Amino acid sequence: MKLTCIGRYGPYPRAGAGCSCYLLSHGGKNIVIDLGCGTLSKLLGLIGTADIDVLVLSHLHADHMGDVLTLRYALDASKKMGRRVSPLPVYLPAEPQAEYGLICSHGMMDAHIIEDGMTAGICGLDVRFALMPHAVPSYAMRFEADGRAFVYSGDTRENDRLAPFADKADLMLMEAAFLSRDKTPGAPHVDAEEAGAIARDAGAKRLLITHLFPEYHETDILD
Ligand SMILES: [Zn+2]
Ligand SMILES: [Zn+2]
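Just so you know, the sequence shown maps onto residues 1 to 223 in the numbering used here.
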């Protein structure tokens, strides 16, 4: 498995950068995880539209799926030019309905609804999903192959489910949307300190933090 970070800001990007988007490559296949605003142009710098094998959306907030609306046009063009014949498999939650409808109603999108505890074989990887507490249904996901595990938190507030779900992950990609000083009770995200604690409790071998607030200094988040 090889992970490339395409975009790492939320809920809006830093100038010239993108929101959440990650390219997971395995066995010559390309899985795109989230496609937030500002990320399609960066993704297309690495692979073509027809080279995306599967799209997985943790949840349907614009900083994770905004550019999927534009991807629909690229998929149409890809079909017209004969580069892609069949629709793109898209794993996504069924809510909120308005956003889900915009994606699943498109002819070049083959929707697979994610549910809590669901397992799937995606591009030769064993994948599991777990529902996380957030403002809308949001899913953490665990990818395994060849005895290695990669876990992505999606968006989540602190909870007891994520650490066991990420048990001994080789790499944990974890949101850290706040600094503790700015976090209010009931906020729908973790802060950087909580992100570190969850990864430690999980026994993750490496932690990659993401979903960075564009106004923060990255050294403060790291501290
Ligand atoms: Zn987000
Ligand atoms: Zn969100």
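Where is the CB? At the ideal position from N, CA and C, for every residue including glycine.
None of the values given here were measured: they were computed from a predicted structure.
Strand pairing of residue i, partner residues [DSSP]
| i | result |
| --- | --- |
| His-26 | Lys-29 |
| Asp-191 | Phe-178 |
| Gly-9 | The amino acid at residue 9 is misidentified as Gly; the sequence shows Tyr. DSSP, once it has assigned bridges, lists Leu-212 as partnering Tyr-9. |
| Arg-128 | Thr-119 and Arg-142 |
| Leu-207 | Met-172 |
| Cys-21 | Gly-7 and Leu-35 |
As assigned by DSSP and simplified to three states, the class of residue i
| i | result |
| --- | --- |
| Gly-101 | helix |
| Glu-158 | coil |
| Gly-196 | helix |
| Ile-114 | coil |
| Ala-202 | helix |
| Asp-220 | helix |
Proximity of residue i and residue j at Cβ, strictly below 8 Å
| i | j | result |
| --- | --- | --- |
| Leu-55 | Val-32 | yes |
| Ser-50 | Arg-72 | It is Ala, not Ser, that sits at residue 50 in the sequence shown. Contact: no. |
| Leu-24 | Phe-178 | no |
| Arg-148 | Met-1 | yes |
| Met-172 | Ala-204 | yes |
| Asp-76 | Leu-57 | no |
| Pro-137 | His-59 | yes |
| Tyr-152 | Ala-140 | yes |
| Ala-176 | Leu-212 | yes |
| Asp-63 | Pro-89 | no |
| Gly-66 | Cys-19 | yes |
| Pro-214 | Pro-87 | no |
| Arg-157 | Val-190 | yes |
| His-61 | Asp-182 | no |
| Leu-208 | Gly-196 | no |
| Leu-3 | Phe-150 | yes |
| Lys-287 | Met-108 | This structure leaves residue 287 out entirely; the chain is present only between 1 and 223. |
| Ala-202 | Asp-146 | no |
| Cys-21 | Leu-43 | yes |
> If you pair each beta-carbon of the region 3-15 with each one of the region 31-40, do three or more pairs fall below 8 Å?
Replying inline: Yes, they touch.
> Do the region 124-132 and the region 96-105 make contact, defined as three or more Cβ pairs closer than 8 Å?
Replying inline: Segments in contact, no.
> Taking only runs of the beta strand (DSSP E) that begin and end inside the region 137-187, which ones reach a length of at least 3 residues, in chain order?
Replying inline: Runs of the beta strand (DSSP E) inside the region 137-187: 138-145, 148-152 and 171-175.
> Which runs of the alpha helix (DSSP H) fall wholly inside the region 43-110 and span at least 4 residues, in chain order?
Replying inline: With a minimum length of 4 residues, the continuous alpha helix (DSSP H) runs that stay inside the region 43-110 are 62-65, 68-80 and 97-104.
> Are at least three pairs of beta-carbons, each pair with one atom in the region 13-30 and one in the region 99-116, less than 8 Å apart?
Replying inline: No, the region 13-30 does not touch the region 99-116.
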